[in-house]
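With the numbering used here, the residue at position 17 of the sequence shown is 63, and numbering never jumps.
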Amino acid sequence: MLSPQRKLSLLTGKSPANITRILDRLEKKNRIVRKANPDDRRSSLVFLTKDGEILKDEVVNLFEGLRSEL
Numbered sequence: 047m048l049s050p051q052r053k054l055s056l057l058t059g060k061s062p063a064n065i066t067r068i069l070d071r072l073e074k075k076n077r078i079v080r081k082a083n084p085d086d087r088r089s090s091l092v093f094l095t096k097d098g099e100i101l102k103d104e105v106v107n108l109f110e111g112l113r114s115e116l
């Protein structure tokens, strides 16, 4: 089983080190929170915060608008 950060790495095509840096920045901006993985002490789970959910919704709406224009 892949760790959540490793899955993010594979899905985005970014290296694990880059994913860690990106997550660090998102956490500082209060967009995500990392919590200990109860199934694997070596990994953490990533969750959107309320601010992260708002940003996600804004981005999704933006892309949906662009797609309908195209």
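Idealized CB from N, CA, C, for every residue including glycine. Bear in mind the structure is a predicted one, so any value in this text is a computation, not a measurement.
If you look at R80, you'll find it in the beta strand (DSSP E) that goes 78 to 83. When secondary structure is reduced to three states using DSSP, L116 falls in the coil class, being assigned neither helix nor strand.
Setting aside the 5 residues that flank it on each side, I65 is surrounded in the same chain by Q51, L54, S55, T58, each with a C-beta closer than 8 Å to its C-beta; the list follows chain order. When only Cα atoms are considered, A82 and L116 end up about 42 Å apart. Per DSSP, the beta bridge partners of V92 are R80. Boundaries of the alpha helix (DSSP H) around S55: 50 to 58.
Taking each of A63, L101, L91, F109 in turn and checking the Cα distance to K75, the smallest one comes out for L101.
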